[in-house]
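If you're matching positions, the sequence shown starts at 1 in full-length UniProt numbering and goes up one per residue. Glycine included, each C-beta is placed from N, C-alpha and C at the ideal position. Since the model is a prediction, treat every value here as computed from it, not as a measurement. One structure is given here, and the rest of the page talks about it.
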Amino acid sequence: MQSAYIHIPFCHHICHYCDFNKVFFKQQPVDEYIEMVIKEMHHRSEISREHPLKTIFIGGGTPTALSAKQLDRLFEGITSELLTENQLVEFAVEANPGELTEEKLSVLKNAGVNRLSIGVQSFDDELLKEIGRVHRTEDVFRTVHQAEKSGFDNISLDLMYALPGQTVEQFKKTLQTAFTLNVKHYSAYSLIIEPKTVFYNLMQKGRLSLPPQEQEAIMYELAMEEMEKQGFKQYEISNYAIPGYESNHNITYWNNEYYYGFGAGAHGYEDGIRTSNIGPVKKYMENVLELGSAFQSQHQVSMEEAMEEEMFLGLRKVEGVYKERFFGKFNLTLESKFGEQIKQLVHKGLLVDTEKSIFLTRKGKLLGNEVFQEFLIS
Ligand code: SF4
């Protein structure tokens, strides 16, 4: 147990594609929520004693929707409840462009935050409007420069592609603009239309025009090529970094390792049990107030499920799944468990099988879901 995720479910504006657990900031009991998150962490007092954390990620929602004072209180709580023995290597916070004032940046810096993950999505103002984002390109420039001035050098920009009406040329321009900011890490995810979103409703009504699948594939290939040209190493299907600046926290997930989840709707994985917290803010708070925790479900992961997860999470990484590591975890060889699937996927040109590991080919990265599906046996 070396990682913790903390969820701040408030946003000043709701984006058209978003299916995260979030609510409008206005009229929410934000101060009380922060107190309940701290209480939830306090309830797990074994953490700082028995499992000094290596990574913390605060996500949302939008953590930077909080005021400087609220952020300060949150960090005070995190420090006293989770970091009595501070061995953190990564303390990351998700941020929206335009919301990071100098004051907030200094609160983050003083608390020991050393990585910012900024939700840029696109450098095309028209597209930003289209997908319901409120920031504009100039906000991104201002935010990144301010963050650098405040001493942050580990900055990631999150981009999206295959947006409604987006052309390959437009995405190329976004990438080129992104590179002018000289940050150390980028992620680029294709838009996925999820139920209960504005985009989903538009799609149902036939009023959403998305780029065809071939164009989406071209955009993905373009991202991989351009990142490589600029010296960014792809280390996961959608993530690229200057070596040494990979997201340690996210690697915990892809390595199928344990982590705590705090806050409304947060997920955790503790000692073989996948946990998920109650999503609605008010209910979450009531439960924490009464019980100290707010689990909605606790699922004991069977050995079979753990092996499947090891595969579809591990194969997201460019280095793939190491055979020795798999054996070390499950006391079974990878071949004895998945030999047939591996053989077929190698035959289809989707996987490479070496003495030490298996990993996706370029074609396999494009057809990731087809590969992952093969390892779902239960
Ligand atoms: S995408 Fe981020 S900022 Fe937009 S509504 Fe969702 S959580 Fe909030």
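message: Could you check whether the stretch 185-194 touches the stretch 155-167, counting it as contact only if at least three pairs of C-beta atoms, one from each stretch, sit closer than 8 Å?
response: yes
message: Once the 5 residues before and after Arg136 are set aside, which same chain residues still bring their CB inside 7 Å of it?
response: Asp125, Leu128
query: Tyr245 to Tyr322, Cα distance in whole Å?
result: 22 Å
task: For Ser80, name the three-state secondary structure that DSSP assigns.
output: helix
- request: Can you tell me the Cβ-Cβ gap for Met285 and Met1, rounded? I've got them flagged as a contact below 8 Å.
  value: Actually they are not in contact, since the Cβ atoms of Met285 and Met1 sit about 25 Å apart, beyond 8 Å.
task: Can you tell me which of the three DSSP states Met160 falls into?
output: strand
field: beta strand (DSSP E) runs contained entirely in the stretch 67-132, provided each spans 3 or more residues
entry: 90-95, 115-121
query: Alpha carbon to alpha carbon, how far is Glu94 from Leu71?
result: 13 Å
- prompt: If you follow the alpha helix (DSSP H) that Ala306 is part of, which residue opens it and which one closes it?
  reply: 303-314
Helix, strand or coil at Ala188 according to DSSP, with G and I counted as helix: strand
- prompt: Where does the unbroken alpha helix (DSSP H) through Arg362 begin, and where does it stop?
  reply: 362-366
query: Is Lys196 near ligand 1, going by C-beta to nearest heavy atom under 7 Å?
result: no
- request: Verify whether the separation of the beta carbon atoms of Gln215 and Val168 is less than 8 Å.
  value: yes
task: Report yes if the CB atom of Gly61 is closer than 8 Å to the CB atom of Lys104, and no otherwise.
output: no
message: Here's the rule: buried if 16 or more other CB atoms are within 10 angstroms of the residue's CB, otherwise exposed. What is Gly206?
response: exposed
field: Meets three-Cβ-pair contact criterion under 8 Å: the stretch 145-160 and the stretch 96-116
entry: yes
message: Quick check: is any heavy atom of ligand 1 less than 7 Å from the C-beta of Asn255?
response: no
task: Check whether the Cβ atoms of Leu334 and Val371 sit closer than 8 Å, and answer yes or no.
output: no
Cβ-Cβ separation, Asp353 to Met196 (assumed contact under 8 Å), whole Å: The residue asked about is misnamed: residue 196 is Lys in this sequence, not Met. 40 Å between Cβ atoms; not a contact.
- prompt: For Gln373, does the three-state DSSP call read helix, strand or coil?
  reply: helix
message: Only counting the same chain, and skipping five residues up and downstream in sequence, which positions put a Cβ closer than 7 Å to that of Lys300?
response: Here residue 300 turns out to be Gln, not Lys, going by the sequence shown. If we look at Gln300 and ignore the five residues flanking it on each side, its Cβ neighbours are Gly272, Ile273.
- request: Using three-state DSSP, classify Val325 as helix, strand or coil.
  value: Before going further, note that residue 325 is Arg rather than Val in the sequence given. In this structure, Arg325 counts as helix in the three-state DSSP scheme.
- prompt: What residue does the alpha helix (DSSP H) around Lys26 start on, and which one ends it?
  reply: No alpha helix (DSSP H) holds Lys26; DSSP gives it neither H nor E.
field: CB contact flag (Asn277, Ala264, <8 Å)
entry: yes
- request: In angstroms with no decimal places, state the Cα-to-Cα distance between Asn201 and Leu208.
  value: 9 Å
- request: Following the continuous beta strand (DSSP E) through Ser4, name the residue where it begins and the one where it ends.
  value: Note that residue 4 corresponds to Ala in the displayed sequence, not to Ser. Where Ala4 is concerned, the enclosing beta strand (DSSP E) stretches over 3-8.
task: Classify Thr84 as buried or exposed, calling it buried when 16 or more other Cβ atoms lie within 10 Å of its own Cβ.
output: exposed
message: Using CA atoms only, rank isn't needed, just tell me which of Glu319, Glu310, Leu53 is closest to Gly328.
response: Glu310
task: Name the two residues that bound the continuous beta strand (DSSP E) containing Arg274.
output: 273-277
Boundaries (first-last residue) of the beta strand (DSSP E) holding Asp353: 351-353
query: Measuring from the CB of Gly98, is there a heavy atom of ligand 1 at a distance below 7 Å?
result: no
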